[in-house]
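Here is the structure we will look at, set down as structure tokens.
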Amino acid sequence: MRALVTGVTGQDGSYLTEFLLSRGYEVHGIIRRASSFNTQRLDHVYEDPHKRGARLFLHYGDLCYGEQLTNIIYSSQPDEIYHLGAQSHVKVSFDIPEYTGDATGLGTTRILQAVWRSGIKTRFYQASSSEMFGSSSPPQNEKTPFQPRSPYGAAKVYAYWMAVNYREAYDLFACNGILFNHESPRRGETFVTRKITRAIAQILCGKQKKLYLGNLEAKRDWGYAPEYVQAMWLILQQEQPDDYVIGTGETHSVKEFAEQAFGYVGLDWREYVEVDSKYVRPTEVDALLADTAKARDQLSWEPKVTFPELVRIMVDADMEAVGLKPVGEGIRILQVRFSDWHQWQISVSDVVRSLEGAAMEKQHA
Ligand code: NAP
Ligand code: GDD
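Start counting the sequence shown at 19; every next residue gets the next number (the numbering used here).
Written out as structure tokens, the structure reads:
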């Protein structure tokens, strides 16, 4: 099987690539040209394409330019396309609404049109978002009306309907995964969870004194990203194309995340967190909570990593990244609940190696 992944350098793109490679896929990824390397999340799985048996290939392209996307799709002839590329930051979308509409909204149309025009038989996954629900009250499921509250949310609603439209108009196997927030040690540094866990590591090192955040009352349904890329794959393996809500079915406030994360390392969040209105959005999505009955029934997909576990995984990873010894519960949780195809961080850490070593010794004892 051959897959094409847009947004391959992002959090989800890197986990999905790892997952697909582990299942024997050949993976083609679209990357943007940058003046410095932007493939850090992929470096551990990257192989020289000249090497015999290499299965990961990267191509330059931009979602804002259709011609190159068409060329890549036509030349790689993928069986499955996972369209994850987007300007994905909600707050930033208020600063650059036009670009967000172009990359996040029209980017989807460019790919769908390229697929249809080239006549390639491929399955298409659209990375839709719970941000589309906006002010619709929780819990949200596949039938909940979209009432977006940001340029990003509006662009994703447009892209969602384009995927549905190409499915109905041209019989394309196009699916929407409506994913609620999912996080990991690879989460972008300006999303709130990672901002908090990174700040904790910096505070512990003595390099940062305060953490400035925006709205602490907003509630999100936060899950663990590697489990969500498995859901993407499952969505494309169904007999019929369809749309699915993916989340945990639990919601927590930003304040709760901060409280748990600081508490995990023995700190009181109130001593470090301050509110800066700069991070408050012109319009906010107050509460997201997934009703995942359809995904549970039809995909048999259920997340294993809970909210306190996610917090511990992320804090441990950020401590390790700055050279501190992690508390260790997060790493152990992954061993027990998710000792699967993905790596702890970007490279396997010494802590994991020693845990794996201990497990091996036990098996041989
Ligand atoms: P991310 O880490 O921000 O990654 C976004 C990816 O898109 C990066 O690879 C980025 O490339 C690429 N990209 C951005 N603009 C581009 C352009 N103009 N041309 C080509 N590539 C471009 O996002 P993520 O968290 O992995 O999310 C993946 C997808 O799921 C996104 O579409 C996001 O909107 C959606 N989503 C995410 C969540 C979540 O909680 N994570 C929930 C629902 C939906 P660079 O590395 O060069 O910037
Ligand atoms: N980023 C950020 N930074 N958010 C903050 C901060 C801060 O300093 N302080 C409070 N928040 C609040 C935001 O106002 C929001 O209510 C919540 O924390 C989560 O913000 P983000 O982590 O930026 O995520 P998001 O929910 O806006 O968007 C993410 O999830 C969507 C799915 O619902 C992104 O990954 C989107 O791409 C994704 O579609």
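All C-beta atoms, glycine included, are put in the ideal place defined by N, C-alpha and C. Model, not experiment: these values are computed from the prediction.
| Check | Outcome |
| --- | --- |
| Where P300 falls, given that 16 or more other Cβ within 10 Å makes a residue buried | exposed |
| Beta-carbon proximity of M150 to P166, cut-off 8 Å | yes |
| Any heavy atom of the ligand GDD within less than 5 Å of residue CB: hits in chain order | S106, V108, S147, S148, E149, N199, F209, V210, L231, G232, N233, A236, V272, Y297 |
| Burial state of V340, where buried means 16 or more other Cβ atoms lie within 10 Å | exposed |
| Close Cβ partners of G267 (< 8 Å) along its chain, the five nearest in sequence each way excluded | P157, D239, L307, A308, D309, T310 |
| C-alpha distance - I264 paired with I196, whole-angstrom precision | 6 Å |
| Closest by C-alpha distance to E201, when choosing among C193, V210, N194 | V210 |
| I253: CB within 7 Å of a non-hydrogen atom of the ligand NAP | no |
| Q255 to N159 span [Cα, whole Å] | 21 Å |
| Simplified DSSP assignment, three categories, for Q258 | coil |
| Reference A52, options T35, Y78, A173, closest by Cα | Y78 |
| Rounded separation between D66 and E44 - CA only | 14 Å |
| Residue nearest to V303 in terms of C-alpha spacing, selected from G31, F142, S147 | S147 |
| Minimum length 3: unbroken beta strand (DSSP E) runs contained in the region 92-172 | 98-101, 141-147 |
| Proximity test, N89 beta-carbon vs the ligand NAP heavy atom, cut-off 7 Å | no |
| Cβ pair count under 8 Å reaching 3, the region 106-118 against the region 181-188 | no |
| The ligand NAP heavy atom lying under 7 Å from the CB of C82 | yes |
| Cβ neighbour criterion (16 or more within 10 Å) applied to V293 | exposed |
| Through-space distance from R135 to Y262, alpha-carbon basis | 26 Å |
| Residue closest to L74, alpha-carbon to alpha-carbon, out of E277, L222, T27 | T27 |
| Option nearest L124 by Cα separation, candidates S357, Y178, Y92, I90 | Y178 |
| Residue from W251, A236, F325 whose Cα sits closest to the Cα of S450 | No answer is possible for residue 450: it lies beyond the span of the chain, which begins at 19 and ends at 383. |
| beta-carbon A104 near the ligand NAP non-hydrogen atom, thresh 7 Å | yes |
| Check: A173 C-beta below 7 Å from any heavy atom of the ligand NAP | no |
| Alpha helix (DSSP H) segment containing T35, residue limits | 29-40 |
| Beta-carbon proximity check, L231 vs Y297, cutoff 8 Å | yes |
| Reduced DSSP category for R216 - H, G, I as helix; E, B as strand; rest coil | helix |
| Closest by C-alpha distance to F37, when choosing among G348, P244, K322 | P244 |
| Sequence-distant residues of the same chain with beta carbon closer than 6 Å to P115, five excluded per side | P169 |
| Nearest-angstrom Cα separation, counted from T57 out to Q381 | With a pLDDT of only 47 at Q381, under the threshold of 50, the placement of this residue in the model should not be trusted; the figure read from the coordinates follows. Approximately 36 Å between the Cα atoms of the pair. |
| Element boundaries [alpha helix (DSSP H), containing A335] | 325-339 |
| I214 to K343 span [Cα, whole Å] | 18 Å |
| Nearest-angstrom Cβ-Cβ length linking L22 and I99, presumed shorter than 8 Å | 5 Å |
| Range of the contiguous beta strand (DSSP E) that encloses V385 | Summary: the structure shown does not reach residue 385, with the chain confined to residues 19 through 383, and so no result is reported for it. |
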